[in-house]
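Okay, so here's the structure we're looking at.
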Amino acid sequence: MPQPVGAESEARTGAAGAKLGMWLFLFTELLFFGGMFLLYAVYRSRYAAGFHAAAAEENTVVGACNTALLLTSSLAMALAVAALRRGRTRFSILAQAATILMGIGFLAVKYTEWMAKIGHGLYPDSPVLLQRSHGEVLFFGLYYVMTGIHGLHVLIGISLIAVTLALTARGAITAERATLLENTGLFWHFVDVVWIYLFPLFYLVT
Amino acid sequence: MSDGNVSPAPGFYRDDGPRRGLAAWMMSTDHKRIGIMYLAALTLFFVVGVTIGVVIRLSLLAPGKLLTAQHYDQAFTLHGIIMIFLFIIPGIPVSFGNFFLPLLIGARDVAFPRLNRLSWWLYLAGAGVIGASLFLKGGPLDTGWTFYAPYSIQTRTQVSFAVVGVFILGFSSILTGLNFVTTIHRLRAPGMGWFRMPLFPWTLYATGWVQLLATPVIAISLVFIFLERFFGMGFFDPTKGGDPILFEHLFWIYSHPAVYIMVLPAMGVISEIVPVFSRRTVYGYKAVAFSSVAIAGVGYLVWGHHMFTSGMSDTARVAFSLLTFLVAVPSGIKILNWVATLYKGSIQVDAPLLFALTFIFLFSIGGLTGLIIGSLAPNLHVHATYFIVAHFHYVMFGGAGMAFFAGLHYWFPKMFGRMYAERTAKIGWLLLFVGFNLLYFTMFVLGLEGMPRRYFDYPPRYFTAQTVSTVGSWILAAGVLVILGNLLRALFRGRPAPENPWGGLTLEWGTTSPPPAENFTEIPVVSNGPYSYD
Amino acid sequence: MPQPEREVPIPRTRTLLLVWAALLALTAVTVAVARGRLLAGYSVLAALGIASLKAGLVLAFFMQLKYESRLLQWLALLATVTLLTILAGTFTDVWYR
Chain P
38 MPQPVGAESE
48 ARTGAAGAKL
58 GMWLFLFTEL
68 LFFGGMFLLY
78 AVYRSRYAAG
88 FHAAAAEENT
98 VVGACNTALL
108 LTSSLAMALA
118 VAALRRGRTR
128 FSILAQAATI
138 LMGIGFLAVK
148 YTEWMAKIGH
158 GLYPDSPVLL
168 QRSHGEVLFF
178 GLYYVMTGIH
188 GLHVLIGISL
198 IAVTLALTAR
208 GAITAERATL
218 LENTGLFWHF
228 VDVVWIYLFP
238 LFYLVT
Chain L
2 MSDGNVSPAP
12 GFYRDDGPRR
22 GLAAWMMSTD
32 HKRIGIMYLA
42 ALTLFFVVGV
52 TIGVVIRLSL
62 LAPGKLLTAQ
72 HYDQAFTLHG
82 IIMIFLFIIP
92 GIPVSFGNFF
102 LPLLIGARDV
112 AFPRLNRLSW
122 WLYLAGAGVI
132 GASLFLKGGP
142 LDTGWTFYAP
152 YSIQTRTQVS
162 FAVVGVFILG
172 FSSILTGLNF
182 VTTIHRLRAP
192 GMGWFRMPLF
202 PWTLYATGWV
212 QLLATPVIAI
222 SLVFIFLERF
232 FGMGFFDPTK
242 GGDPILFEHL
252 FWIYSHPAVY
262 IMVLPAMGVI
272 SEIVPVFSRR
282 TVYGYKAVAF
292 SSVAIAGVGY
302 LVWGHHMFTS
312 GMSDTARVAF
322 SLLTFLVAVP
332 SGIKILNWVA
342 TLYKGSIQVD
352 APLLFALTFI
362 FLFSIGGLTG
372 LIIGSLAPNL
382 HVHATYFIVA
392 HFHYVMFGGA
402 GMAFFAGLHY
412 WFPKMFGRMY
422 AERTAKIGWL
432 LLFVGFNLLY
442 FTMFVLGLEG
452 MPRRYFDYPP
462 RYFTAQTVST
472 VGSWILAAGV
482 LVILGNLLRA
492 LFRGRPAPEN
502 PWGGLTLEWG
512 TTSPPPAENF
522 TEIPVVSNGP
532 YSYD
Chain C
2 MPQPEREVPI
12 PRTRTLLLVW
22 AALLALTAVT
32 VAVARGRLLA
42 GYSVLAALGI
52 ASLKAGLVLA
62 FFMQLKYESR
72 LLQWLALLAT
82 VTLLTILAGT
92 FTDVWYR
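Protein sequences appear in the order of chains P, L and C. The first sequence runs 38 to 243 under this note's numbering. The second sequence runs 2 to 535 under this note's numbering. The third sequence runs 2 to 98 under this note's numbering.
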């Protein structure tokens, strides 16, 4: 049971305050991924040919489908939040479940992509990779780190939505108390936005 | 003078809530308790950091005898990591910021009290991980607090665990910044518009933004170091096409704004103290408020001035040098306005003001030498010498450190309900001041004479100056002991403090010393500015 | 001092579906542009431009930034500008070596 003092501060902070806090957190995530994009940008500008050659190893169709999957999961999440705010709890639960499933699907596809590459000997510091040009070495290093950290965030998002799903089912998240779901939605959409940039940079570099 | 028989009002110390003992503190979400716990930890780490510093200076009297070259590297690395990540960066925000931000804006707590508690736990966790790293395979790291690649990737010392610890500390810092920014937006008392808010919260606001937008960049840099050590992607490895200078960019993109995380709240403390002890409203309140934001903003643009000799392009060097000169302007505005506030004021040189004046003096020296270092040509001469070491100790220790002591003496009565011995405080100050300048001013000279930093040994011609500096460290250490000892004694035997011993006009002085758990019996309604002396 | 709370309107299902369709369409466009030779020299720029359009749609309509307070919109801009700034600063080095 929270101390009365803290509870009053949280009440005055309110849903708007909690949303502000969530956006502030997302700004930190923007800068966190930003550091990775910075590295990518520098090495892309330096090793354009190597990046082009390495990107040919990527399966554009698979990547595009995965992109569509994640975009659709964002739709599902947005629908889940809207439904809850309208009091349509059952639909919201279904939509949250759909989001989770699509997120898992995204990770599964990613996993197969990684395994395929590793199977071809294309992983950091591998003898096969070190034979290739600097640009290709760095491309794959960035690929694993950036999609890996992104994937970690997808996993975190899935876990968070699993929690909100349970809380929605239990009646702890309602139309009047939707903040937790809304903020989780913000996180999920942010993870989607990062992928929106990752997709062309790793699959469509020409 | 000290009256051990009368206990001061217990205030929030009594309100344990549903728990007992240690749990009542460690599980507390009360910003005041969290602030006190942070204060205790910070002070402890400061003492540890000073001790390592004293050992380093001792070693330099007889190079190789006390510390081997390897141990010397580990010593200055640890000194830097502890002082920067465990003392100064959290420093004023987590101690005085936590305790006083809600009080100063007329709130009962911060916006997210449980997140605040998490920040505190993460701070402890980060400290624990760094401490553990000292005993794990490879031993204490020897890279310097700057972790430059490729050495940080190649060294067999325990870098990996240490960077995880610093990463956790960064998370703690981010959450504190997030909390304070939201608190200031959402929880100001009725009637307290932005321009009726005291200046310390203004600096906490600007600092919060730096914590939010800069810390993630060092977070990813540390992740890169960690991953490179295990997987070898080659990001900073020239043999794989990587560029070590890129690590420096990423590192300093955070670590330069970090110095504003250190110094902005310090300036906020000075802005609180100067009007009270000169009985005048702050000269140019709006200019001082905006300058906090300006320092944070422009300070974000100058990181390249740490890299002038790294191999960066000439274009970048000119750009960063110019921007570095720009950032001196808002700092100068603050100095001017503090001095103008003091001018023709009714000045009472009690310990808080003494430390605040010391800040103004020593920070000015540090800041002015920063302009020298920020100029491209002199930089070639002084980069990586003792001149740099002197510069940053003047601004960080002579600046933020003195402000920490200033805040400690100013708010001690409010936090603990006790008064300390004024004369002893001044004796401690004198020792600190004399020791500080002997220790560090000598380094300006040594640096210009060519003494490199981070070297465990040196040619005989530097011996006299090195000795003077070391003796300075002893006097400084004595001063620190006197100051802290004085306050420690006051904790148990100090005279009970009145509500408002200094005659301050900000909201924290309108409640008991120490404050009750709910801060105010009623949330105040504000109808004027914070320093309405005239 | 909490401002009077302005409720962000509940998005209509139709709006969300339209945005989703646009996102999928833009994904197809960006793949086509990359495959084609039309914008060869500007492919990265085009790709980033289309990505930014998609990101903008997600931010505006899924994350509802379009309907949020001016304050939040400005703060989002601040964070974005900060990222662009550090990129720019780094490139004053990288491009002119």
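Beta carbons: idealized from backbone N, C-alpha and C, even for Gly.
Beta-carbon neighbours of residue i, restricted to chain C and to distances below 9 Å
i, result
"L:H250", "I87, G90, T91, D94 and V95"
"P:S82", "F92, V95 and W96"
Environment of residue i [buried if 16+ CB atoms lie within 10 Å]
i, result
"C:W75", "exposed"
"L:H382", "exposed"
"P:G158", "exposed"
"P:I193", "exposed"
"L:N529", "exposed"
"P:Y148", "exposed"
"C:I51", "buried"
"C:R65", "Checking the displayed sequence, the identity of residue 65 of chain C turns out to be Gln instead of Arg. That one is buried."
"L:Q212", "buried"
"L:M2", "For L:M2, the predicted model reports a pLDDT of 40, less than 50, meaning its position is unreliable; a value from the coordinates is still stated below. Answer is exposed; the Cβ neighbour count stays below 16."
"P:M152", "exposed"
"P:M38", "Note on P:M38: pLDDT 40, under 50, position unreliable in the model; the coordinate value appears next. When all chains shown are included, P:M38 counts as exposed."
"L:R58", "buried"
"L:I35", "buried"
"L:I37", "buried"
"P:S82", "exposed"
"L:S29", "buried"
"L:K138", "exposed"
"L:R118", "buried"
"L:A491", "buried"
"L:E523", "exposed"
"P:V165", "exposed"
"P:Q40", "Residue placement at P:Q40 is flagged as unreliable, the pLDDT there being 47, under the threshold of 50; a coordinate-derived value is accordingly withheld."
"P:T104", "buried"
"P:I155", "exposed"
Within chain L, the residues that residue i reaches when beta carbons sit closer than 8 Å
i, result
"C:T83", "L214 and Y301"
Anticipated Cβ contact below 8 Å, residue i with residue j, distance rounded
i, j, result
"L:L79", "L:P141", "6 Å"
"L:A352", "L:G418", "Not confirmed; about 17 Å, so no contact."
Of the listed residues the options, nearest to residue i (C-alpha basis)
i, options, result
"L:L228", "L:Y301, L:L214 and L:V160", "L:V160"
"L:A288", "L:G243, L:I336, L:L247 and L:V264", "L:I336"
"P:G222", "C:L46, C:W96 and C:L60", "C:L60"
"L:F457", "L:P531, L:D143 and L:S256", "L:D143"
"L:A466", "L:A478, L:F278 and L:M452", "L:M452"
"L:L343", "L:R490, L:T282 and L:G107", "L:T282"
"L:V260", "L:I271, L:M397 and L:Y39", "L:M397"
"L:W253", "L:P239, L:F321 and L:I484", "L:F321"
"P:M183", "L:F225, L:Y73 and L:P461", "L:F225"
"L:T325", "L:I296, L:E423 and L:I221", "L:I296"
"L:G62", "L:F464, L:D74 and L:I93", "The amino acid at residue 62 of chain L is misidentified as Gly; the sequence shows Leu. Considering only alpha carbons, the answer is L:F464."
"L:F536", "L:I246, L:P114, L:A407 and L:Y124", "Since the first residue of chain L shown is 2 and the last is 535, residue 536 of chain L is not available in this structure."
"P:R49", "L:R157, L:R15, L:A190 and L:I154", "L:A190"
"L:A108", "L:M84, L:F278 and L:G511", "L:G511"
Cross-chain neighbours of residue i in chain P, by beta carbon under 9 Å
i, result
"L:P217", "F64, T65, E66, L67, L68, F69, F70, G71 and G72"
"L:T512", "By Cβ distance, chain P contributes nothing, its closest Cβ being about 13 Å from L:T512, past 9 Å."
Proximal chain C residues relative to residue i, where beta-carbon distance stays under 8 Å
i, result
"L:M313", "D94 and R98"
"L:G242", "Here the premise fails: no neighbours, minimum Cβ distance about 14 Å."
"L:A150", "Those within 8 Å of L:A150 in chain C number zero; the least Cβ separation is about 15 Å."
Strand pairing of residue i, partner residues [DSSP]
i, result
"L:F386", "Note that residue 386 of chain L is Thr in the sequence shown, not Phe. L:P453."
"L:P497", "L:R419"
Contacts that residue i makes with chain P (C-beta to C-beta distance below 7 Å)
i, result
"C:K55", "I233"
"L:I175", "T65"
"L:S376", "Those do not exist, as L:S376 stays about 27 Å from chain P at its closest Cβ, beyond 7 Å."
"C:A33", "Chain P residues near C:A33: none, gap ~10 Å exceeds 7 Å."
"L:L449", "Those within 7 Å of L:L449 in chain P number zero; the least Cβ separation is about 36 Å."
"C:A61", "Within 7 Å Cβ-Cβ: nothing; C:A61 doesn't reach chain P, min ~11 Å."
Cross-chain neighbours of residue i in chain L, by beta carbon under 9 Å
i, result
"C:A80", "L213 and L214"
Partner residues on chain L for residue i, Cβ-Cβ distance less than 7 Å
i, result
"P:F174", "Residue identity differs from the one stated: residue 174 of chain P is Val in this sequence, not Phe. Within chain L, the residues near P:V174 are G235, K241 and G242."
"P:G54", "A112, T183 and R187"
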